[in-house]
Every structure is written in structure tokens, then in C-alpha cells.
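Residues in the sequence shown are numbered from 1007 upward in steps of one, following this note's numbering.
Structure first, then comments.
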Amino acid sequence: MAKIDNRNIESHLKEKRVFKPSREFARAARIKTLAQYQKMWRESIRSPEKFWAREAKELMWRAPWKKVLEWKPPFAKWFIGGKINLSENCLDRHLLTHRRNKAAIIWEGEPGEKRTLTYQQLHHEVCRFANVLKRNKIGKGDRVIIYLPTIPEAAIAMLACARIGAVHSVVFGGFSSDAIRDRIQDSGAVAVITADGSYRRGGIVPLKKNVDDALRERSTIKRVIVFRRTAADIHMEEGRDVWWHRELEYVNANCPPVALDSEHPLYILYTSGSTGKPKGILHTTAGYLLGIYATTKYVFDIRDEDIYWCTADVGWVTGHSYVVYGPLACGATTLMYEGAPNWPEPDRFWRIIEDHRVNILYTAPTAIRAFIRWGDEWVKKHDLSSLRLLGSVGEPINPEAWMWYQRTIGGGRCPVVDTWWQTETGCIMITPLPGAVPTKPGSATLPFFGVDPAIVDLSGKEVGPNVGGKLIIRKPWPSMLRTIYGDKERYKKQYWSEYPGNYLTGDGARRDEEGYFWIVGRIDDVLNVAGHRLGTSEIESALVSHARVAEAAVVGRPDELKGQGVVAFVTLKANVDPTAALKAELREHVGKHIGAIAKPDEVRFAEALPKTRSGKIMRRLLKELATGKTVTGDTTTLEDFSVLAKLSGAEE
Ligand code: PRX
């Protein structure tokens, strides 16, 4: 009997379309050809220290480094002996140039206010607020929680911390008081910076009240600084809470940046693992800055004239790296938007692009699928001709969503960069360079400079083309996480123990015959059906490619015969009837696109899918539902509880 090799993740989705960068785009780009990219990439892998040292020279240093890299696996130190300040690189550096009076941040609030801060003005505000921090006895090495909406003050607070060497930990404004409390406890923070509220879909999110609730028990917090955003009625605790605007009255704008060691901690950002409590991912100063600087420059091929918009909330790593630090390090104009994409109507994003003449848009597949669902008529109402480049991040993008993005938003004119990376990696790792690398819908394509990814089987052996496996990174890179805050052992075990010396991403992927990476998704989202491993995202992609499907989530459930069976939760486009015939049709559709092995055993129609506030589908909950259990796992990160209730009471 033939032995079934079920160790590898099988990847059945075949995508044949290829889009070359237009000649016009390539001619103007920094990296103009595939050959140029390949040459630079090879050099960067052969001599990473040389490559990164060259890039690092474009930054402003207080003292030169003595050694580029010290690698004692799994601990890396970059630019040892160097002194640097991130806020100086994002601000002061540009004041010496024509950028002094250029817009650094263009902001739009959900209710519609607009604000622009030039580099000069942003510098002024950051210096003043850094002095407020000092006045409140917050200093180098102190941890500070930032719990703010996506408003300029979030960037100001982050940059002010970086200026004096305080370590910020931004907590997403959609998180609850429990999440704030846990993060305060884990980080031992001394201060919280928050607002009286934030706007979301016309309502007010009570940020300050959430902080008050989080501080009910004894904590390390001595000071809460409150920005007035909504003028909502809030409680101010005497002796603990102060108003941002009042504090500014006591300070001037003279605050020289502190020269910090390259490895000085910059921030802690909490991210959930598949199990257990959130992990505090620690990033340090010079390496992180270099990573986000180089990727913003090459991946977005950013220009002085560009208006660049990354739609992420500042509470996520994408907000850190590509709303605030990356674009400012490059002296670019970054647009920030506070609110929801469908407020007051589903065309808010397109309205913003038209109003501000946005050139680069960086958003997430979950948003793209929502736009598809809302209908093209919302897009067509607006002039999007200013766009020249589109980006995607956060999860695998289904080829159909990619195509829609490229055609309907990009007008077939803009390259699409599907960028793969993680909170842990700090910056983009696998991505096309828009002027050089031909793209294939659904593939994050090729590694960025200095990044050495591989796909391996269980024994750690690299697999051949089109064979699925685990994605690892074989070399340290400057913006890699340095540890899990306060838990070295977990850091070692989680990321470095399975293939010693190699970083385990936790994602499954395959490489095609041209070396392109196709990310399948998290390994825990991978099913094993009759000895075949199937990436759930591939089945989802197949489902979403059906004309009547808006969104799909696929999970496994135990199956006596096959090991695991496939259950698909499907939301349909507006006005489509959820009939039994359609279920059968969808099964056939998947069979046709991937193979009979991937056909869902069960298709369940749902009005909506349970998601985290960052838009990730919570498959864990769906798994429990698929197996007929009641949901018992942690639901604190679920955005909308009613979705779960409806699904539990769903048909069948
Ligand atoms: O599974 C990958 C998926 O998101 C994970 C990282 O999530 P997080 O740390 O929250 O960071 C999100 C923003 C970088 C990865 O392990 N992921 C992210 N980008 C992509 C992706 N999967 C496929 N394609 C991508 N472009």
C-alpha cells in the first residue's frame, strides 16, 4: 500500500495571470527591472551587513555604530555602539530640507474635520508634548500606554515617547478595559495617554471610561494624560489625571532628542498567539527604524509629491510602521483617517481619495471584500485617477479580490503590492517591488532585500516548487522582534525552537516554479483532509470567486473517514437567495477550482462572519460551531457579539 505523505501542506490553487509593471511606472521607479531587484537581493543575502550599513547611512546618527550585527541565535543586536533617535529621524532631519513646510500629516476625523500638520508644526507639537511627559516624570525606559484613536495626537504621543526614550505600548482603541489592564500589568507601565472619547460610526467610544475601569484595581499607573477629542462628560481623578491641553500651557517647544543606543527599546505591541495570553512583541530603535525606512522607500517607491494613505488604525503594527514611522522617516505626507470606511456611507474611502488626491493606498483584504459586497456604484461616484499604487496587507488576498482591487480601484493602471509580514517582523518581508516584479493575483511574490525565507517540511528540509510547508526566515533582519517582553523563554520556544537558528513564522506557504511565495495562512488554519493538508484560505478563495459569494470562512471538523471534514461559512452578496441548490453549486464550484478533495462537506449560509476588531475572521469560534459545540473559548476580541448569536442559532 502506498504510504501517504501527509506532512506537507498541499496547495491546489493555481493562478496563471501575471501583471508586469507598466513601462511608465518602471521607468520612474527606484528599482526598475526584475534583474536589478535580483542582483540587489542576491547581494543583500550574500552580505547583509554591507547592504544594511549602506541603507543605514541615509539615516541621521548621533554616534556611528561599531559593528553592524551581533547574532547569537536567537538574539540579534544591530548597529552596536551606534546612537540614534527615531523622532529626530522622522522630524528634525527634514527640517534641514525643503520638507520643512511640507505636510507631514493630513488628517480627517470621522465627523469630517480636516487638519494638516507640516513637518515644522509636527516637530513643534512633538517637542512640547515630550516636555509634558518629562514634566510628569516620565523618562527614558518608562513604559507608557497610548490608548487613542487614529488622530494626529497618537503620532505626536508616539514620537514624543521615542524622543525621550520612553517605551510606548499602543493599545487599539477598540479594545476593552480588560485588554488595557492586562497590558498595563504585563508592561508595568507608569502612564496612560488617552482621550475623552473617539468617534466610530457616528457614536462615541468611551476611551477614558475604559481606562478608568482598567485602573480600578491597584496598578503601576501614576499618571493619565487626557486629550480632549469629543468633549464628552468624563471623570477626572484628582492627583492622577491631567488634561493634555492644560499641560501644554506649562511647557515650551525646546526638547532636544536624546541620543539612544541602537538597541534601546522603542515599543511593545501586544499580539495574540494561537493560545495563551497576548505576547508583548518588543522592537528596538535603530533596526526597526531602518527596516521601516527601507521598505517604505522601496515597496511604496514613495516620492516627495505623493499623498500616501495607509488605512490601518494606529493600534496595529501596520499603523506603527506604515501610518506613522515609515512615511515620516521618508519625509512623506501621510494621511490619517479616524473612522469607519462606511460612515456616513460606503463611499467614505473613495471620497477621501478624491478630496485629497491620494496617490498611494495601502489597505486590507477584509476591507476590499467589504467594498466588493457594498457594490461598485459607490466607487464609480468618485474620481480615483490620482491613485498610482495599491497595497494589501494582513491576510492572504483572494485572487478575485485582488483583481477587483486592481481593476475597479486601480483602473488597471496601478501596480498592486501584496505585502506579507507580521507584528514580529516589524516591516514588510515578502512583497513585489512595484517597478520591478511582475505580480500574480494572490501571491506576495518575492522576498525583500536581506530577507531569506524558505519553505520547509517537518524535518526542516526545504521543499521543492509547489509543495506546501512551513514558512521560516533563515537570517536575522534589522527590524525583527528582539524578544517577548518579560518572557525570553516563550520567545525562544515560540519562534526559534522548532528549527533552531531559523525564525518560525507560523504561516504555511508554497513557492511556485518561479520562486514566488503563496501564503496559505496560519498553520493552525490548515486542515488535514484524508491525508491531504489544505489551506483554508485557498478554499475560501475558491468560494469567493463564485459570483454570488461575498465572503467565506472555512474550518475543519473531525471526520471519522477523512480525519477532517471541511465546513464553509458563506455570506452571500446582497439580494441572493440562500437556497439548497446554491449550496450544491458552491460545493461543485470548489471542486472545480481546487479538486474534489477540497469540496466542503457542509456549506452554511451566514449573514455575517465573526471577526476581531482588526477584521480577522475568528476561525476558532467557527470551528467550535462547526463541530456542533457551543462556543466556550475566549471571545473578548470579537467585534460584534450578535454575529455569533445569529450563527449559533443558525439553520440546521
Ligand atoms: O498569517 C499572516 C497574515 O497575518 C499574520 C500577521 O498578522 P499580524 O501580526 O497581525 O500583522 C498583520 C500586519 C502585518 C501573518 O502571519 N498576513 C499578513 N500579511 C499577509 C498575510 N497573509 C498573507 N498575505 C499577506 N500579505
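C-beta atoms are modelled at their ideal positions from N, C-alpha and C, and glycine is treated no differently.
Exposed or buried, residue i, counting other C-beta atoms within 10 Å across all chains shown (16 or more means buried)?
{"i": "lysine 1285", "result": "buried"}
{"i": "alanine 1581", "result": "Position check: residue 1581 holds asparagine in this sequence, whereas alanine was assumed. Burial call: exposed."}
{"i": "threonine 1226", "result": "exposed"}
{"i": "leucine 1464", "result": "exposed"}
{"i": "alanine 1082", "result": "buried"}
{"i": "asparagine 1095", "result": "buried"}
{"i": "alanine 1069", "result": "exposed"}
{"i": "aspartate 1353", "result": "buried"}
{"i": "glycine 1194", "result": "exposed"}
{"i": "lysine 1386", "result": "exposed"}
{"i": "valine 1024", "result": "exposed"}
{"i": "serine 1268", "result": "buried"}
{"i": "threonine 1585", "result": "exposed"}
{"i": "threonine 979", "result": "Residue numbering for the chain in the displayed model covers 1007 to 1658; residue 979 lies beyond these limits and cannot be assessed."}
{"i": "asparagine 1107", "result": "exposed"}
May I have the straight-line CA-CA distance separating residue i from residue j, to the nearest angstrom?
{"i": "proline 1453", "j": "proline 1459", "result": "7 Å"}
{"i": "arginine 1207", "j": "tyrosine 1509", "result": "40 Å"}
{"i": "glutamate 1049", "j": "aspartate 1218", "result": "53 Å"}
{"i": "arginine 992", "j": "lysine 1063", "result": "Shown here, the chain extends from 1007 to 1658; a query on residue 992 therefore has no answer."}
{"i": "histidine 1130", "j": "alanine 1259", "result": "6 Å"}
{"i": "lysine 1652", "j": "leucine 1615", "result": "10 Å"}
{"i": "glycine 1512", "j": "glycine 1475", "result": "10 Å"}
{"i": "leucine 1139", "j": "glutamine 1126", "result": "20 Å"}
{"i": "alanine 1220", "j": "arginine 1187", "result": "5 Å"}
{"i": "glutamine 1570", "j": "leucine 1533", "result": "7 Å"}
{"i": "tryptophan 1322", "j": "methionine 1342", "result": "14 Å"}
{"i": "methionine 1164", "j": "isoleucine 1152", "result": "8 Å"}
{"i": "tryptophan 1084", "j": "alanine 1300", "result": "15 Å"}
{"i": "glycine 1297", "j": "aspartate 1098", "result": "19 Å"}
What is the residue span of the alpha helix (DSSP H) that residue i lies within?
{"i": "serine 1050", "result": "1040–1052"}
{"i": "cysteine 1316", "result": "From DSSP, cysteine 1316 is part of no alpha helix (DSSP H) but of the beta strand (DSSP E) over 1313–1316."}
{"i": "histidine 1174", "result": "It is not in any alpha helix (DSSP H) - histidine 1174 instead sits in the beta strand (DSSP E) that spans 1173–1176."}
{"i": "arginine 1222", "result": "Run containing arginine 1222: none; DSSP gives neither H nor E here."}
{"i": "serine 1183", "result": "1183–1193"}
{"i": "isoleucine 1162", "result": "1158–1170"}
Say yes only if the C-beta of residue i is nearer than 7 Å to one or more non-hydrogen atoms of the ligand PRX, and no if none qualify.
{"i": "isoleucine 1525", "result": "yes"}
{"i": "tryptophan 1250", "result": "no"}
{"i": "glutamate 1401", "result": "yes"}
{"i": "serine 1398", "result": "yes"}
{"i": "aspartate 1518", "result": "no"}
{"i": "tryptophan 1426", "result": "yes"}
{"i": "glycine 1475", "result": "no"}
{"i": "valine 1457", "result": "no"}
{"i": "alanine 1450", "result": "yes"}
{"i": "valine 1573", "result": "no"}
{"i": "threonine 1372", "result": "no"}
{"i": "valine 1150", "result": "no"}
{"i": "glycine 1297", "result": "no"}
{"i": "glycine 1512", "result": "yes"}
{"i": "valine 1320", "result": "no"}
{"i": "valine 1323", "result": "yes"}
{"i": "threonine 1277", "result": "yes"}
{"i": "threonine 1414", "result": "no"}
{"i": "arginine 1496", "result": "no"}
{"i": "threonine 1429", "result": "yes"}
{"i": "arginine 1528", "result": "yes"}
Check for me: the beta strand (DSSP E) holding residue i runs from which residue to which?
{"i": "proline 1459", "result": "1459–1462"}
{"i": "alanine 1376", "result": "Here alanine 1376 belongs to no beta strand (DSSP E); instead the alpha helix (DSSP H) covers 1371–1380."}
{"i": "valine 1422", "result": "1422–1425"}
{"i": "methionine 1342", "result": "1339–1343"}
{"i": "phenylalanine 1611", "result": "1608–1611"}
For residue i, write down the residues that DSSP places opposite it in a beta bridge.
{"i": "glutamine 1570", "result": "Pro1564"}
{"i": "proline 1453", "result": "Ile1436"}
{"i": "alanine 1548", "result": "In DSSP, alanine 1548 forms no bridge with anything."}
{"i": "serine 1204", "result": "Val1211"}
{"i": "histidine 1289", "result": "Tyr1273"}
{"i": "arginine 1516", "result": "Trp1524"}
{"i": "isoleucine 1231", "result": "Ile1199 and Val1248"}
{"i": "threonine 1122", "result": "Ile1112"}
{"i": "serine 1398", "result": "Thr1369 and Asp1424"}
{"i": "tryptophan 1084", "result": "Leu1075"}
{"i": "tyrosine 1153", "result": "Thr1200"}
{"i": "threonine 1324", "result": "Paired residues: none, contrary to the question."}
{"i": "lysine 1089", "result": "Ala1069 and Asp1267"}
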